[in-house]
Amino acid sequence: MLRVALKDILARKRRLVTTGLAILLGIAFLSGTQMLSQTLKGSISGIFDYAYDSYDAVIRSPKEQDLGFGQKLRVPVDAEVVEKVRRVSGVRAASGIVESSTAKLIGSNGKVYGSSFGPPTIVYNWQSDPRLTSGSLTDGRGPKSNDEMVLDFASAADAGLRVGDRVKVASQEGTREFTLVGLVGIGPDGKTSPGATTLIFPTEVAQELARIPGQFNYVVAAADPGLDQITLASAIAGALPDVQVVTGEQFKAENVNAIGQIVDILLTFVSVFGYIALFVAAFIIYNTFSILIAQRTRETALLRAVGARRSQILFANVIEAIIVGALASLLGLLLGTGLASVLRSVVSNIFSMATTQAVPTASNVLYALGVGISVTVISSFVPSLRASRVPPIAALSEATVDRANLSMGRVVWGSGVLIIGSGLAVVGFMDLGPNPLLTFGAGAALVLIAVSLILAPVIIGPFFGAIGRLSPWRGSIVSRLSRANAVRNPRRTASTAAALTIGVTLVTLIAIVANSIKASVDTAATEALNADFIVGVGTFSLGSGLPESTVKSIKALDSVAVASPMRFGPVRITDAYGAKHAAEGSSGSSDGSTGSFGAAVGGPRGQDVLVAGVDPQTIFDVLNFGKLQGSKRDFVDGTIAVEESVAKKRNWRIGDEVPLYFAETGEQKVRVAVIYPNNVGSSAFFLPISTFKANMLKVFNLDFLLSVKVADGYSDSTVRTELERQVKDLPEVTVQDIRQYIDSQTAPFDTFLAIIYALLMLAVIIALIGIANTLSLSVLERTRELGLLRAVGMSAKQLRRSIFAESLLIAVFGTGIGLALGVVFSAAVSTVIAAENPDVFTYTVPVGSLAIIVIGALVSGVVAAIVPAWRAARMQVLQAVAAL
Amino acid sequence: MSSTSTDLAAAGAIDAVKIYGEEDTEVRALDGVTVSFERGRFTAIMGPSGSGKSTLMHCLAGLDTLSSGRVFIADTYLDTLSESQLTEMRRDRIGFVFQAFNLIPTLSALENITLPMDLAGRKPDESWLDQVVDILGLRPRLTHRPSELSGGQQQRVAVARALATQPQIVFADEPTGNLDSRSGVDLLEFMRHAVDSLGQTIVMVTHDPTAAAHADRVVFLADGQIRDEMIEPTAERVLDLMKQLGD
Ligand SMILES: Nc1ncnc2c1ncn2[C@@H]1O[C@H](COP(=O)(O)OP(=O)(O)OP(=O)(O)O)[C@@H](O)[C@H]1O
Ligand SMILES: [Mg+2]
Chain D
1187 MLRVALKDIL ARKRRLVTTG LAILLGIAFL SGTQMLSQTL KGSISGIFDY AYDSYDAVIR
1247 SPKEQDLGFG QKLRVPVDAE VVEKVRRVSG VRAASGIVES STAKLIGSNG KVYGSSFGPP
1307 TIVYNWQSDP RLTSGSLTDG RGPKSNDEMV LDFASAADAG LRVGDRVKVA SQEGTREFTL
1367 VGLVGIGPDG KTSPGATTLI FPTEVAQELA RIPGQFNYVV AAADPGLDQI TLASAIAGAL
1427 PDVQVVTGEQ FKAENVNAIG QIVDILLTFV SVFGYIALFV AAFIIYNTFS ILIAQRTRET
1487 ALLRAVGARR SQILFANVIE AIIVGALASL LGLLLGTGLA SVLRSVVSNI FSMATTQAVP
1547 TASNVLYALG VGISVTVISS FVPSLRASRV PPIAALSEAT VDRANLSMGR VVWGSGVLII
1607 GSGLAVVGFM DLGPNPLLTF GAGAALVLIA VSLILAPVII GPFFGAIGRL SPWRGSIVSR
1667 LSRANAVRNP RRTASTAAAL TIGVTLVTLI AIVANSIKAS VDTAATEALN ADFIVGVGTF
1727 SLGSGLPEST VKSIKALDSV AVASPMRFGP VRITDAYGAK HAAEGSSGSS DGSTGSFGAA
1787 VGGPRGQDVL VAGVDPQTIF DVLNFGKLQG SKRDFVDGTI AVEESVAKKR NWRIGDEVPL
1847 YFAETGEQKV RVAVIYPNNV GSSAFFLPIS TFKANMLKVF NLDFLLSVKV ADGYSDSTVR
1907 TELERQVKDL PEVTVQDIRQ YIDSQTAPFD TFLAIIYALL MLAVIIALIG IANTLSLSVL
1967 ERTRELGLLR AVGMSAKQLR RSIFAESLLI AVFGTGIGLA LGVVFSAAVS TVIAAENPDV
2027 FTYTVPVGSL AIIVIGALVS GVVAAIVPAW RAARMQVLQA VAAL
Chain Z
8 MSSTSTDLAA AGAIDAVKIY GEEDTEVRAL DGVTVSFERG RFTAIMGPSG SGKSTLMHCL
68 AGLDTLSSGR VFIADTYLDT LSESQLTEMR RDRIGFVFQA FNLIPTLSAL ENITLPMDLA
128 GRKPDESWLD QVVDILGLRP RLTHRPSELS GGQQQRVAVA RALATQPQIV FADEPTGNLD
188 SRSGVDLLEF MRHAVDSLGQ TIVMVTHDPT AAAHADRVVF LADGQIRDEM IEPTAERVLD
248 LMKQLGD
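Line by line, the protein sequences give chains D and Z.
Mapping to our numbering: the first sequence position 102 is 1288, numbers consecutive.
Mapping to our numbering: the second sequence position 44 is 51, numbers consecutive.
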């Protein structure tokens, strides 16, 4: 039987190519992202290996605040810790480190250097002790006075800066100028780029820029020769009871993990689209195998007639699937490696960091083969089973088309699957069950299968009938033939269209939901914002904001009636609700890893949120909170204002004392003073600036934006000019009127959408391959018929047109169902979102975008028919007839 | 070929040679055939299996091209036509009936009959169509799909299609080959009728001497060459001649 399977593959290699191609693309995408993730992580860990190589122990505060995405910010330590560490026996050298992302390099064009997608900018203090330096100078010297600085060689080259140049640096205190006196790199020869824009200053300057005057972010120590890291760390921990000490190795590992987590989150997001593509591929495989098996019914029956057992037929078909799956997976892996290499060099360029070549590991190979083969075998199993049921007598009958059973039974069990799928999707979406995302995915997949594989064949007949009656070309023979061909095999047409349906469903769903959110954000912001101008930093990044002096002078302007500041910082809410919804790993206890000593990480379990710090006197003038519960006069130091929906969820009432955990000051009770109904954007929790200042780390204590109202008698344009003059030395700060501000807030949605559409292209391309494949197979199957048509006078052009029309019909069907499902799904998702954000969320259908989606899908339907149509028309009439 | 015979001929071949394969595997399916088929006559082509009958029909109907020599339909040499002109020629001026698989399975009997006209975007001549349908006894079967028709009925639909366009000539390659003798005779009588009362020109390949007896003239082919011919054939005379040629 193995021989039969192999012979079949060889005989049908052309027809199996498309099956293979679908798997190949999916696997290439998935293994490509996997390998990219591996190389990136490898390179990042390489960088940390170099950067932190000389550290044997790191001494730091046990208190930290969670910033989300695995990012944490630690309370700084006082300078005297350095002296204390130095005195511990076994310490050869110790030094305080300033490491902060609170300043930006300004390029020669006067704008902030780098983009938010590029490498981060990090401020360090200059380390003169050679025993604790992590790289070496490639040019010039270290900074000697407070107006000198050093830069990493890669950023300097990229920004066109040379030793001796004057360099501008933007910080929260305004722009400062330095002389560039040296360039550095990391690694033994200083030839490795740190992968971040690294600005190095004398300690005092670095501390000012990092807003930790007289302090360090952490202290590092080198051990005496022969002393191991663990002994050193525990010795230091023994001598300094209030700090946490980790070994150098542990410190590296933490940093690698933190960035690895971001890489993982990003690439998991991207991989989802790879799985979607494989799901689409599964439909195509199902389809191709169904067709191939139908085409060789007689052959199979003959095998049965001469004594092959059912199990042997099944075995032969499964073997065929395994071989196709394995070949395609290996080729996919190869393509994936190429893909990873290309992306790797792109990343390398953006981050000017050296990355290693992407090489598939054993686990990559196993994964690719495992996934590729399982998808192929599983999706071809039903057709294979069908083949094994072919009775020997079929050898004598005319070659059959595989007839769909369009009975009531199909409707009944299709509806059953549909209901189960919807149930699962709802359960998953409501965040219930052990793995909501998986439950939701499985539910959505079942719904798609139920609708487009089980139920669709039943409606194909009536659907095309209706199209036929509506079509302006209904009378023409070409249109009649193509319609007849599209319905002659409803199951095949349905599963072909299904591939497209998936893509259209997803795109429609995402387009509608994103558009609704965007419109809702826009409406909410328009309603909430009561100011004329917003002066602030474009995107929130740690330590960027408005210098105090600027805030003061804007407030002092005659033309400004109100200038209300707002700042943001992370806090952990440690009430019962917060403890229950605590993020993974936010448990307060020490992580118990072997490299960690001394004081445990403090802080109870809770939920990390972003709170806003505002001026209670003016905030109610510039933000429309709606009808308040409680009095705004009670919104004073030690209280909190909270949005009604959140208060309800957490069961907070006016006058309640609620616990907030701050890294700086520990757990604090604040009283709920105001509960407001409107979603005002930015945050659902507001603290008076005094409370914010008293508890929040200094690095967050900086006004992020200023809502400005124009005073009576001044025109907007004069005020704008005045405001712009105030911030002209602050390259990160912009003056926007409300419309501009709201647009800039919703702009990221469009970027996000564009990225999602691009990623979904893969699934759509695979769907098109599927349509082209089905058409090609159908054309082959109909060779005699086409020959006959040509013999009685159908022109090549008419033949081509009929195949285009058939493809278009399939595309219309797939798109129609996809559009319907997308709308239904989006309505379901919107209901849930709306329930969580009452009064804010409005369901908005972007008619224009949907029209583009439909047109795109239909055009691609026609494109898919190009090759099959060309092939059919090229067929020699007589050869086709002779295929008798 | 004299001009008079060209005038009278509905179709014909001059020195037709058709070679399949290359060099050592070369097969001369037609080896210098010169023949013409008169208007309004029913001609049968006979010959042993592999003698080139189908090849000749295909080349005459513009379904295949010759290696050398020429074929013509009425006053047109087919080698002067472009691909699309040839298609139109097949559609409007030639009817063809194959031995089996003559119908498009997705179309009804009537749609199959009017297919060439539909392809041309022309309305069929209703009275002619009615006449053809009635003579062939297809009236009650017009809305049926091919799979719902018997083999004989399918062949009759195919003949109806070939005649419906009132082509200059109809080629039929063993049209009765798959039919029982009763259905076969019905079909042959209809073709005879089409020639006699409707003035149709028909060329038919057959293996069956009784079938050939329905024709006005029989042309005998062997090894790709014309061996003999017979006017006003009867089944016995045809059988005799076949025996002679077989020796
Ligand atoms: N496509 C082809 N390639 C090679 N040889 C061919 C091809 N078609 C026909 N032949 C050969 O040409 C010769 C004539 O074939 P043709 O089909 O015309 O015979 P026929 O007289 O119709 O036979 P039958 O009575 O069996 O139908 C045969 O020897 C056949 O093998
Ligand atoms: Mg023949």
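In this text, a Cβ means the ideal position worked out from N, Cα and C, and glycines have one as well.
Should residue i be flagged as near chain Z, meaning a C-beta pair shorter than 7 Å?
i, result
"D:Ala1977", "yes"
"D:Met1980", "yes"
"D:Glu1971", "yes"
"D:Ala1670", "yes"
"D:Asp1588", "For D:Asp1588, the predicted model reports a pLDDT of 45, less than 50, meaning its position is unreliable; a value from the coordinates is still stated below. For D:Asp1588, the answer is no, since every Cβ of chain Z falls outside 7 Å of its Cβ."
"D:Arg1482", "no"
"D:Arg1674", "yes"
Report yes if the C-beta distance between residue i and residue j is below 7 Å; otherwise report no.
i, j, result
"D:Ala2021", "D:Asn1865", "no"
"Z:Met237", "Z:Val225", "yes"
"Z:Thr183", "Z:Leu170", "no"
"D:Asp1915", "D:Gly1360", "yes"
"D:Leu1814", "D:Pro1756", "no"
"D:Phe1364", "D:Val1353", "yes"
"Z:Ala167", "Z:Leu143", "yes"
"D:Gly2088", "D:Thr1307", "Look at the range of chain D in this structure, 1187 to 2070, and you will see that residue 2088 of chain D is not part of it."
"D:Ser1331", "D:Ala1237", "no"
"D:Pro1620", "D:Gln1358", "no"
"Z:Phe227", "Z:Asp235", "yes"
"D:Val1284", "D:Ala1419", "no"
Does residue i get closer than 7 Å to chain D when you measure Cβ to Cβ?
i, result
"Z:Ile111", "yes"
"Z:Thr183", "no"
"Z:Pro123", "yes"
"Z:Ser91", "yes"
"Z:Phe178", "no"
"Z:Ile26", "no"
"Z:Arg146", "no"
Does residue i come out as helix, strand or coil in the three-state DSSP assignment?
i, result
"D:Phe1567", "helix"
"D:Ala1798", "strand"
"D:Ser1357", "strand"
"D:Ser1281", "strand"
"Z:Glu181", "coil"
"Z:Val104", "strand"
"D:Met1752", "strand"
"D:Gly1778", "Model confidence at D:Gly1778 stands at a pLDDT of 44, short of 50, so the residue's coordinates are unreliable; what they give is reported in the following sentence. D:Gly1778 falls in the coil class under three-state DSSP."
Thinking just about the alpha-carbon of each residue, which of the options is nearest to the one in residue i?
i, options, result
"Z:Ile209", "Z:Thr87, Z:Met64 and Z:Ala36", "Z:Met64"
"D:Asp1603", "D:Phe1459, D:Val1633 and D:Leu1453", "For clarity, residue 1603 of chain D is Val in the given sequence; the question names Asp instead. D:Val1603 has its Cα closest to that of D:Val1633, out of D:Phe1459, D:Val1633 and D:Leu1453."
"D:Gly1689", "D:Thr2017, D:Gly2004, D:Gly1228 and D:Ser1223", "D:Gly2004"
"D:Ser1668", "D:Val1431, D:Ser1988, D:Phe1469 and D:Pro1411", "D:Ser1988"
"D:Leu1985", "D:Gln1912, D:Arg1968 and D:Gly2000", "D:Arg1968"
"D:Leu1226", "D:Val1528, D:Ile1386 and D:Gly1629", "D:Val1528"
"D:Ala1949", "D:Ala1685, D:Thr1433, D:Gln1922 and D:Thr1389", "D:Ala1685"
"Z:Gly253", "Z:Ser56, Z:Leu93 and Z:Gly206", "Z:Ser56"
"D:Thr1760", "D:Trp1838, D:Thr1383, D:Gly2042 and D:Glu1910", "D:Trp1838"
So, does the region 1954-1964 of chain D touch the region 1692-1710 of chain D, judging by three or more C-beta pairs under 8 Å? no
With three or more C-beta pairs closer than 8 Å as the rule, is the region 1475-1482 of chain D touching the region 1519-1526 of chain D? no
Does the region 170-181 of chain Z come within contact of the region 96-106 of chain Z, defined as at least 3 CB pairs closer than 8 Å? yes
Stretch-stretch touch, CB-based, cutoff 8 Å, three pairs: the region 1448-1459 of chain D with the region 1308-1322 of chain D: no
Just checking, does the region 1205-1216 of chain D make contact with the region 1952-1959 of chain D on the three C-beta pairs under 8 Å criterion? yes
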